[in-house]
Amino acid sequence: MATRPRDDQELIDRARGGDAAAYGQLVQRHQQIAFRTALVFTRSAADAEEAAQDAFVKAWRALARFRDGEPFRPWLLAIVANEARTRRRAAARRDDWTRRAAAADPPRPAEASDPLALAIAGERRGELLAALSALGSRDREVLSLRYLLDMSEQEMALALGCRRGTVKSRLSRALGRLRGEMTP
Amino acid sequence: MTSGPPDGARRLEMQLHDLRADVRWPRTPDLAGDVVARLERGEAARARPRRRPGPAAGHGFAVAAVVAAMLLIGGALVPPVRSAVLDALGIAGRDRVIVVPGAPDTSRPSLDRGARTTLPAAQRRLDFTIRLPRALGRPREVRYSDAIAGGAVTLIYPGAALLETQGGSSPLFEKRVGRRAAVRVVSVAGARALFITGARQISLLDRDGRSIAASRSLARSDALVWQRDGVAYRLETRGGLERALAIARSVR
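Chains A and B, in that order, are what the protein sequence lines are. Quick note: the first sequence uses the working numbering, first residue 1, plus one each step. Quick note: the second sequence uses the working numbering, first residue 185, plus one each step.
See the structure below:
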C-alpha cells in the first residue's frame with residue numbers, strides 16, 4: 001500500500017539493484033540494535049563491531065532471499081546473532097592462547113570509579129545486579145535480549161536460533177533462577 | 185488458564201525493565217561507512233576473513249597472540265567505559281587491552297627514524313608501495329630505516345608523521361602504555377585501527393614476530409595504528425582523533 005511505511009522495503013529494493021548507498025542507509029538505521037545484539041553474544045565491543053559489520057555484508061549477499069513485506073529487523077538480527085555466536089566460539093579459543101601468551105592480566109578498573117555504579121548503588125538494585133552476575137551466560141543472554149534490548153519473542157527466537165516456545169521456557173527458567181539468587 | 189505472572193515475578197520483570205535506563209552501552213560504531221566501503225571494494229561476493237590467528241601462524245606466535253588480543257579483544261577505553269548493568273549481565277566483560285605500565289623497554293631492539301632520504305630512493309628499497317596521505321600532500325622530510333625486517337619509511341610533515349612498514353598476516357602493533365593512556369578501537373576504511381593517546385611507547389612486530397620499539401617522530405603526539413593490504417601504518421599527530429582519521433583515510 002502506498003500509505004504503509006515501507007522505508008526499509010524501498011531501501012531493500014534499491015539495494016537489490018546494486019545501490020550500495022541505499023544499503024548504507026539501511027545499515028545506519030539498524031546498526032545500533034545490530035551492534036548491541038552482537039555485544040550480548042560476544043561480550044566484547046570489538047568483536048561485536050566486527051560481527052555486526054560482517055553480518056551486514058552477509059545480509060547484503062542474502063537480500064535476494066529476504067521475503068518482501070516481512071520486517072527487516074528480525075531477519076537481520078538472526079544473521080547478526082549467528083555471526084556473533086561464531087565469533088564468541090573463536091574468541092574462546094583465542095582467549096586461551098592469550099592466557100598462555102600474556103605475562104600478566106591487565107588490571108581491572110575499580111568499579112567504584114564508575115559513576116553509574118555509584119548512581120545505582122541502591123540496595124535493591126545492587127542485589128539485582130549481584131543476582132544477575134551469578135547467572136550462567138545462557139540465562140544472561142536471554143534476559144539481556146528481552147529486557148535490555150526489548151526484543152519481541154519472535155526476534156529472540158530468530159536471534160537464539162530456536163522456537164518461540166523455547167524462548168518462553170528459557171526466559172521463564174532464567175527468571176526463576178534469578179529469583180532464586182535473590183531469595184535470601 | 186494463567187492470569188499472568190504473580191506479583192513477585194511481575195515486580196522482578198519491572199526491575200529488569202528499569203535497568204535499561206541505566207545501561208551505558210559502548211558507543212555504536214559507524215558501521216554504515218565501513219560496510220559500504222566493503223561493498224564498493226567488491227567484498228560482497230565473499231566475506232572478508234579478517235583474522236588468521238592460530239598456532240600454525242608461524243614465528244612469534246606468543247607475541248602475536250598478545251597483540252591480537254589487544255587489537256581484537258580491545259574496543260573499550262583504558263580505563264574502559266563500563267556499565268554496572270552490562271557487567272552484571274556479562275556483556276563487555278572481556279573488553280580489555282593489555283596494559284604494560286612503566287618506562288619503555290630499552291632491552292629490546294629499537295627502530296629509529298633512520299637516515300634522511302628521498303621518496304624515490306626509499307621506494308627502491310621497499311617491497312611495498314609507499315602511500316601518501318593526500319590530506320597532507322608531499323612530506324617535508326623522508327626517512328628510511330632498515331632496523332626492521334623489510335625496512336620502514338617515515339614521512340614527516342609539520343605536526344604529523346606517518347611510518348609505513350611491511351606487514352604480515354599477524355597484527356603488527358604492540359603497545360606499552362602508562363596508566364593514563366587510552367586506547368580506542370576505530371576503523372580506517374574498513375580496517376581495524378587503534379587510536380592511542382598517552383602511550384610512552386608503541387612497538388612493532390617484525391615479520392619474524394620480534395617486538396621492536398619504534399621511536400617517536402613527533403613529541404607529545406597521539407598515534408593511530410592500522411594495517412592494510414599487507415602494510416602497517418603508524419600515524420603520529422597532535423590534532424586528536426578526527427584529524428588522525430581524516431589523514432589516515434586519505435592515505436592512498
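Positions of the beta carbon are idealized from the N, C-alpha and C atoms, including for glycine. It should be emphasised that the depicted structure is a prediction, and the values quoted were computed from it without experimental measurement.
Limits of the alpha helix (DSSP H) - the one that R179/A falls within: By one-based count along the first sequence, residue 179/A stands at place 179. Element bounds for R179/A: 164-182.
Short CB-CB distance (under 8 Å) between G161/A and chain B: Translated into positions along the first sequence, residue 161/A becomes position 161. Judged by the 8 Å Cβ criterion, G161/A is not in contact with chain B.
Residues that L429/B contacts on chain A, provided the C-beta gap is smaller than 9 Å: As a first step, residue 429/B must be located in the second sequence, where it is residue number 245. Within 9 Å Cβ-Cβ: nothing; L429/B doesn't reach chain A, min ~15 Å.
For P71/A, three-class secondary structure by DSSP: On the first sequence, residue 71/A is found 71 positions in, with the first residue counted as 1. In the three-state reduction of the DSSP assignment, P71/A falls in the coil class.
Chain B contacts from the segment 49-69 of chain A (Cβ-Cβ distance under 7 Å): The residues in question are E49, E50, A52, Q53, D54, F56, V57, K58, W60, R61.
Amino acids of chain A, ordered along the chain, whose beta-carbon sits closer than 8 Å to that of A193/B: Numbered from its first residue, the second sequence carries residue 193/B at position 9. The answer, in chain order, is L175, R179.
Contact set for R85/A: own chain, Cβ-Cβ below 6 Å, skip 5 residues either direction: Stepping through the first sequence from its first residue, residue 85/A is reached at position 85. The residues are F41.
Span separating the alpha-carbon of A158/A from that of W75/A: Residue 158/A sits at position 158 when you count from the first residue of the first sequence. Residue 75/A sits at position 75 when you count from the first residue of the first sequence. Sequence check: residue 158/A is Leu here, not Ala. Distance between the alpha carbons of L158/A and W75/A is about 7 Å.
For D406/B and A51/A, the rounded distance between their alpha carbons: Taking the first residue of the first sequence as 1, we reach residue 51/A at position 51. Taking the first residue of the second sequence as 1, we reach residue 406/B at position 222. Each residue's alpha carbon lies about 28 Å from the other.
Cβ contact check for the segment 192-210 of chain B and the segment 5-18 of chain A: 3 or more pairs under 8 Å: Short answer: they don't touch.
Through-space distance from V415/B to E49/A, alpha-carbon basis: Counting from one through the first sequence, the residue named residue 49/A turns up at place 49. Counting from one through the second sequence, the residue named residue 415/B turns up at place 231. Cα to Cα, the separation comes out at about 23 Å.
8 Å Cβ cutoff, T302/B in contact with chain A: As a first step, residue 302/B is located in the second sequence; it is residue number 118 there, counting from the start. T302/B has a beta carbon lying at 8 Å or more from every beta carbon in chain A.
Extent of the continuous alpha helix (DSSP H) to which R36/A belongs: Residue 36/A sits at position 36 when you count from the first residue of the first sequence. Taken as a continuous stretch (DSSP letters only), the alpha helix (DSSP H) holding R36/A covers 20-42.
Neighbouring residues, chain B, relative to F72/A (Cβ below 8 Å): Counting from one through the first sequence, the residue named residue 72/A turns up at place 72. Going along chain B, no residue has its Cβ under 8 Å from F72/A, so there is no contact; the nearest lies around 15 Å.
Close-in-space but distant-in-sequence residues of the same chain around K58/A (CB under 8 Å, 5 per side omitted): Along the first sequence, read from residue 1 onward, the residue named residue 58/A stands at position 58. In chain order, I79, E83 place their CB closer than 8 Å to the CB of K58/A, counting only its own chain and leaving out the 5 sequence neighbours on each side.
Straight-line gap, A55/A to E325/B (C-alpha atoms, nearest Å): Within the first sequence, numbered from 1, the residue matching residue 55/A stands at position 55. Within the second sequence, numbered from 1, the residue matching residue 325/B stands at position 141. Whole-angstrom Cα-Cα distance: 43 Å.
Pairwise C-alpha distance: V409/B and P177/A: Stepping through the first sequence from its first residue, residue 177/A is reached at position 177. Stepping through the second sequence from its first residue, residue 409/B is reached at position 225. One detail in the question is off: residue 177/A reads as Arg in this sequence, not Pro. If you take the alpha carbons of R177/A and V409/B, they lie about 45 Å apart.
Between the CA atoms of Y147/A and D139/A - distance to the nearest angstrom: Working through the first sequence from its first residue, we reach residue 139/A at position 139. Working through the first sequence from its first residue, we reach residue 147/A at position 147. So the alpha carbons of these two residues sit roughly 12 Å apart.
Residue interval of the beta strand (DSSP E) (run including I340/B): Reading the second sequence from its first residue, position 156 is the one you call residue 340/B. Unbroken beta strand (DSSP E) run through I340/B: 336-341.
Contacts around R412/B, its chain only, beta-carbon distance under 6 Å, and the 5 residues preceding and following it disregarded: Start at 1 with the first residue of the second sequence, and residue 412/B comes out as number 228. Excluding five sequence positions before and after R412/B, the CB atoms of its chain that fall closer than 6 Å to its own CB belong to A375, given in chain order.
Residue environment, R88/A, which counts as buried when at least 16 other CB atoms sit within 10 Å: The sequence position of residue 88/A within the first sequence is 88, counting from 1. With 16 or more other CB atoms across the displayed protein chains lying within 10 angstroms of its CB, R88/A is buried.
Coarse secondary structure for A52/A, derived from DSSP in three states: As a position in the first sequence, residue 52/A is number 52, starting the count at 1. Correct three-state label for A52/A: helix.
Residues from the segment 197-215 of chain B in contact with chain A, defined by Cβ distance under 8 Å: If the cut-off is 8 Å between Cβ atoms, the segment 197-215 of chain B has E197, Q199, L200, H201, L203, R204, D206, V207, R208, W209, P210, T212, P213, D214, L215 near chain A.
N-terminal and C-terminal residue of the beta strand (DSSP E) that V207/B is part of: The residue given as residue 207/B occupies position 23 in the second sequence. Careful: V207/B lies outside any beta strand (DSSP E) and carries neither H nor E.
Contact list for E446/B against chain A, beta-carbon separation under 9 Å: What the structure shows of chain B is the stretch from 185 to 436, and residue 446/B is not part of that stretch, so it cannot be assessed.
Any C-beta of chain A under 8 Å from that of V372/B: In the second sequence, residue 372/B corresponds to position 188, counting from 1. No, its Cβ sits nowhere closer than 8 Å to a Cβ of chain A.
Contacts that V219/B makes with chain A (C-beta to C-beta distance below 8 Å): Against the second sequence, residue 219/B aligns to sequence position 35. The contacting residues are Y23, G24, V27, Q53, F56, V57, W60.
Residue from D330/B, L316/B, G334/B with nearest C-alpha to Y341/B: For the purposes of this step, residue 341/B is taken as the residue at position 157 of the second sequence. Nearest of D330/B, L316/B, G334/B to Y341/B, Cα basis: L316/B.
C-beta neighbour in chain A for R369/B, strict 8 Å: For the purposes of this step, residue 369/B is identified with residue 185 of the second sequence, where counting begins at 1. Before going on, a small fix: residue 369/B reads as Val here, not Arg. Closer than 8 Å: yes.
Coarse secondary structure for D406/B, derived from DSSP in three states: On the second sequence, residue 406/B is found 222 positions in, with the first residue counted as 1. Strand, per DSSP.
Chain B within 8 Å of R138/A, Cβ atoms only: As a working mapping, residue 138/A is identified with position 138 in the first sequence. R138/A does not count as touching chain B.
Amino acids of chain B, ordered along the chain, whose beta-carbon sits closer than 7 Å to that of R36/A: Residue numbering aside, residue 36/A sits at position 36 when the first sequence is read from its first letter. Contact annotation for R36/A against chain B: W209 [CB-CB distance below 7 Å, chain order].
Inter-residue spacing [alpha-carbon to alpha-carbon] between G423/B and E197/B: Counting from one through the second sequence, the residue named residue 423/B turns up at place 239. Counting from one through the second sequence, the residue named residue 197/B turns up at place 13. Taking the straight line from one Cα to the other gives about 47 Å.
Cβ contact (3+ pairs, closer than 8 Å) linking the segment 21-32 of chain A and the segment 125-134 of chain A: Contact fails: fewer than three Cβ-Cβ distances are below 8 Å.
Chain B within 8 Å of L143/A, Cβ atoms only: Sequence index remark: in the first sequence, residue 143/A carries index 143 (1-based). Any Cβ of chain B closer than 8 Å to the Cβ of L143/A would place that residue at the interface, and such an atom is present.
Sheet register partners of Y474/B (DSSP bridge): The question about residue 474/B has no answer here: the residues shown for chain B are numbered 185 through 436.
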